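Working notes for the structure below.
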Amino acid sequence: MPRRTPRNALVGLRTPGRFHGFLKTASICVLIAGLLSPLSPAVAAPEAPAEATAAADHCGNQCSDILPPGQNGNATLAQILLNQAFGTMPEHASDQLGPYADLANGHSGLTNATINNFFNDASFGVLSDQVASTVNPAGRADVTIVRDKKTGVPHITGTTRYGTEFGAGYAAAQDRLWLMDVFRHVGRGQLTSFAGGAPSNQGLEQQFWRHAPYTEADLQAQIDSAVASNGERGQLALADAKAYLDGINAYIDASDSGRYFPGEYVLTGHKDSVTNAGTIEHFKLTDMVALGSVIGALFGSGGGGEVNNAISLLAAQEKYGVADGTELWESFRERNDPEAVVTVHDKSFPYATKPENPQGEALPDAGSVAEEQLVYDRTGSAAGSAAAGASATAAETAMTSAKRGMSNALVVSGEHTASGHPVAVFGPQTGYFAPQLLLLQEIQGPGISARGASFAGLSMYVELGRGQDYSWSATTSGQDIIDTYAVELCQDDYHYLYRGTCTAMEKIEQKNAWKPTTADSTPAGSYTMRVWRTKYGPVTHRATVGGKKVAYTTLRSSYLHEADSIIGFQMLNDPDYVKGPEDFQKAVQHINYTFNWFYADSEHTAYYNSGDNPVRATGVDAEFPVWAQSAYEWRNWDPATNTAQYTPPSAHPNSIDQDYYVSWNNKQAKDYTTASWGDGSVHRGNLLEDRVRKLVDAGGVTRASLVKAMADAGLADLRAEDVLPDLLKVVTSSPVTDPTASAAVSKLQTWLSAGGKRTETSAGSKKYADADADAIRILDAWWPLLVKAQFEPGLGSELYAAMTNNLPIDESPSAAHGATGAHAGSSFQYGWWSYVDKDIRAVLGESVQGPLDRKYCGGGSLSACRDLLIGTLKEAAGKTAAQVYPGDDQCSAGDQWCADSIVQRTLGGIKHGRISWQNRPTYQQVVEFTSHR
6 MPRRTPRNAL VGLRTPGRFH GFLKTASICV LIAGLLSPLS PAVAAPEAPA
56 EATAAADHCG NQCSDILPPG QNGNATLAQI LLNQAFGTMP EHASDQLGPY
106 ADLANGHSGL TNATINNFFN DASFGVLSDQ VASTVNPAGR ADVTIVRDKK
156 TGVPHITGTT RYGTEFGAGY AAAQDRLWLM DVFRHVGRGQ LTSFAGGAPS
206 NQGLEQQFWR HAPYTEADLQ AQIDSAVASN GERGQLALAD AKAYLDGINA
256 YIDASDSGRY FPGEYVLTGH KDSVTNAGTI EHFKLTDMVA LGSVIGALFG
306 SGGGGEVNNA ISLLAAQEKY GVADGTELWE SFRERNDPEA VVTVHDKSFP
356 YATKPENPQG EALPDAGSVA EEQLVYDRTG SAAGSAAAGA SATAAETAMT
406 SAKRGMSNAL VVSGEHTASG HPVAVFGPQT GYFAPQLLLL QEIQGPGISA
456 RGASFAGLSM YVELGRGQDY SWSATTSGQD IIDTYAVELC QDDYHYLYRG
506 TCTAMEKIEQ KNAWKPTTAD STPAGSYTMR VWRTKYGPVT HRATVGGKKV
556 AYTTLRSSYL HEADSIIGFQ MLNDPDYVKG PEDFQKAVQH INYTFNWFYA
606 DSEHTAYYNS GDNPVRATGV DAEFPVWAQS AYEWRNWDPA TNTAQYTPPS
656 AHPNSIDQDY YVSWNNKQAK DYTTASWGDG SVHRGNLLED RVRKLVDAGG
706 VTRASLVKAM ADAGLADLRA EDVLPDLLKV VTSSPVTDPT ASAAVSKLQT
756 WLSAGGKRTE TSAGSKKYAD ADADAIRILD AWWPLLVKAQ FEPGLGSELY
806 AAMTNNLPID ESPSAAHGAT GAHAGSSFQY GWWSYVDKDI RAVLGESVQG
856 PLDRKYCGGG SLSACRDLLI GTLKEAAGKT AAQVYPGDDQ CSAGDQWCAD
906 SIVQRTLGGI KHGRISWQNR PTYQQVVEFT SHR
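To convert, note that position 57 of the sequence shown is 62 in the working numbering; the numbers rise steadily by one, no gaps.
Encoded structure:
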């Protein structure tokens, strides 16, 4: 067998989609003729590896991974033009998309032997006959980058620590330079000035900058703090980061002089295709912090939404009185629902629980809340309706507690597997982009030995992946590390009382301007983003409380600490640090973002929930705004550094060697309250829980059976599997005589009997079976109608609207998905399925733990509830496919499969085809280690 080469020798960026008229096919050919030299950087021919001892690999060829669409996220101008004109793909730009997509139809017959038909071999090293290229970046003798033929993944081997990290930076720039540049500008609130003023770009920069409006001094201070507070590891992280950036910048210089840099720089006006005039700015340390702030805000910052919570509570109290209104609100909030699926079994970890006697609440006067203005001085295209709409969407997404968590994990202990070794199938759902936000890599060097995925521009360490004899992954957890404070105003709207002293707010501004380019024809425009900062964080709203003028501010424990997590990732990559589950848990304790972390080696499994959970003052309810007064601040809070007392590691949900773990952004443990709503009786986590528990009960779990459980859950319609049976039980409690309703019931029952899945008739058919399609269309149309008819009469229109602001009623595959837009795959995270489930069961007279405050459907009458459901079902059945799926920029009206489909959202110039819907991680590992050091 050929031996392996030794290894130690987060929408809408608008880039070329509709080119101007001159870029027609004929003229593209002419342009390409002058651009073909060179198409890509010159690389050394494959060469025999130097003799060295390969890194230990205890996976026994049983580690696999996948990350669509492909490893190569850079494309020259010529390659972009060829793709736009003829659909041709740069090498390795799309070769992981097909296997990823094929699992939807191919999982049913999966065996351990066929797993790598749908995944990559994630063993360390490259077989000698599979080496595609071997280079020493910038001519360095202390690092080698080997890329394999199948996927083009870089396998970076360094003989010095500096060389290893230099190679990691160089390889990252080879694969994601343009994307890295885009997201450092997103983090700095400068995307429109860099990439164009498309409304989607405006919305993206506004969404993130309002959460982290950092100055250059702020960014540098975070670096200094992370280094100073972590001793030798802090110094090592700083040296690693500098070497990593040196590698990125070396590639920038080489690609600029060699003219094989990403073509988007030409299309956005930063480089001239003829003279090569223009500059690609070098990266600096503070860019990494800006990048980190975006990733943290997307996936690791649970909390917020306290103002919306207060508005809905007041609406409930207005309608039903204080006592009954509060009871109603609490029943819908489901802080600690006894029917909720949990990751840690049979253990309690109290956090952010409801205090018996709340103190310091600062609820707004009715009707007084106004969202803080972010954008000022709009000119040109920034003053249009599309721009205003993008701003409104960005604000809504930024202010909600319903963060797009995504990601799932299935981990089974060796006690229940066929081999006796633990098996894990896990990964993050980070959306679908082209190029992808993540990149794959293997890094082997002094103190580093890992393969896996990292966010582009932050890939100095593997962030999710495997070491020599262990693997780890994460899901978003969402516990509350964000609080809202009411600062009392004094003097004017821009001064507030801070510990008794009238103090000026700090004004932070970012001015952006743009003009049309080939990539983005949006007319010229400009605006200024303005944030007012206080000691208690940025201002988000204005209101009155008891007649006093206040500003509501948002304080996040990771605010001004975006760089702190680097130490945890450094530890995870260090084979001398992680030698077992306890070491793993200690490593991820250094990660201050809110994640669920999972671990597997050949003998053990483990779980730990990370994040800097602030210790709140006695009586403070994390659900609502509180007064910005010393008595209600976080314990030992220092406003100068935004540090405080945090809950100890033992208070975080954690476990070693539980029989199995599942997570799909569900509740972590009993008494552990998450900030987002919806942790009730029906959650998409149930789709995993039910399948994995069944496998564990039967015993003999294999990698293939666990992948099949994940894939099957990823095609299930949660509403169909866990709610529809009870809805039909009510509907059929008496004979259904109406022909339209009867036909609809029959279609739904037939679909349920077949499994209630949203699956293509065959791979690539781009359609659902006719019977399935009718049932899916009916349910998609019925759900919003039945929810409104079931709950609005009892809640009243105002309270119903307030509650839907806390928790959207639905998140089907064809719905929009927050920051990632529609066609994002991830579905059924947020919706009213628990409310419908609990209420329908109550009306049926069934036992309900943690019921709603009253029966809503038909006022609690079974016959009235039945009439309501049949009426809305008839209305839904009468809707055409074009009405249910109205079409968008990707799909024509009525194209049901397309409405559900996953789109690789372009963040660069290369386009990819749509794939059939799957609700699964973007990057995914399948691991089973056979031995341990």
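Using N, Cα and C, we set each Cβ at its ideal position, and we do this for glycine too.
Fair warning: this is a prediction, and the values are worked out from it, not measured in the lab.
Query                                                                                                          : Result
Given 8 Å, three or more beta-carbon pairs between the region 556-563 and the region 231-243                   : no
Delimiting residues of the alpha helix (DSSP H) encompassing residue 693                                       : 690-703
Three-pair Cβ contact test at 8 Å for the region 67-78 versus the region 444-459                               : yes
Boundaries of the alpha helix (DSSP H) in which residue 158 is found, first to last residue                    : It is not in any alpha helix (DSSP H) - residue 158 carries neither H nor E in the DSSP assignment.
Residue 386 versus residue 676 - alpha carbon distance                                                         : 49 Å
Straight-line Cα distance separating residue 617 from residue 652                                              : 7 Å
Residue burial classification, residue 501 (beta-carbon count within 10 angstroms, cutoff 16)                  : buried
Residues sharing a beta bridge with residue 721, DSSP                                                          : 762
Residue 28 in three-state terms, based on DSSP                                                                 : Note that residue 28 has pLDDT 34, beneath the 50 cutoff, so the model's placement of it is unreliable and the number below is only indicative. Of the three classes helix, strand and coil, the one that applies to residue 28 here is coil, per DSSP.
Proximity of residue 412 and residue 479 at Cβ, strictly below 8 Å                                             : yes
C-beta contact flag for residue 673 and residue 467 at 8 Å                                                     : no
Residues sharing a beta bridge with residue 531, DSSP                                                          : 384, 518
Segment contact, 8 Å Cβ cut-off, at least three pairs: the region 505-521 with the region 618-630              : no
Cross-strand partners of residue 453 (DSSP beta bridge)                                                        : 450
Distance between residue 740 and residue 928 (C-alpha atoms, nearest Å)                                        : 48 Å
Run of the beta strand (DSSP E) containing residue 413, from where it starts to where it stops                 : 413-417
Backbone CA spacing between residue 921 and residue 900 [nearest angstrom]                                     : 13 Å
Same chain, Cβ closer than 6 Å to residue 204, five either side skipped, listed in chain order                 : 391, 392, 395
As assigned by DSSP and simplified to three states, the class of residue 910                                   : strand
Pair within 8 Å by beta-carbon distance, residue 463 and residue 297                                           : yes
Alpha carbon of residue 583 to alpha carbon of residue 614, nearest angstrom                                   : 17 Å
Close beta carbons around residue 718, own chain, < 7 Å, minus the five adjacent residues each side            : 692, 693, 696
Where the beta strand (DSSP E) containing residue 150 begins and where it ends                                 : 148-153
Per-residue burial, residue 362 [other beta carbons within 10 Å of its own, 16 or more giving buried]          : exposed
Cα-Cα separation between residue 578 and residue 568, rounded to whole angstroms                               : 17 Å
Cβ neighbour criterion (16 or more within 10 Å) applied to residue 118                                         : exposed
Ordered list of beta strand (DSSP E) runs contained in the region 852-897, each at least 3 residues            : none
Alpha helix (DSSP H) segment containing residue 167, residue limits                                            : 166-192
Buried or exposed (CB count within 10 angstroms, at least 16 for buried), residue 359                          : exposed
Whole-angstrom distance between residue 580 and residue 415, CA atom to CA atom                                : 24 Å
Distance, residue 684 Cα to residue 671 Cα                                                                     : 6 Å
Backbone secondary structure at residue 729 - three-state DSSP                                                 : helix
C-beta contact flag for residue 841 and residue 847 at 8 Å                                                     : no
Cα-Cα separation between residue 406 and residue 503, rounded to whole angstroms                               : Note that residue 406 scores a pLDDT of 49, beneath 50, so its modelled location is shaky; the value from the coordinates is reported in the next line. Cα to Cα, residue 406 sits roughly 27 Å from residue 503.
Buried versus exposed call for residue 381 [16 or more other C-beta atoms within 10 Å across all chains shown] : exposed
Euclidean distance between Cα positions of residue 783 and residue 882                                         : 5 Å
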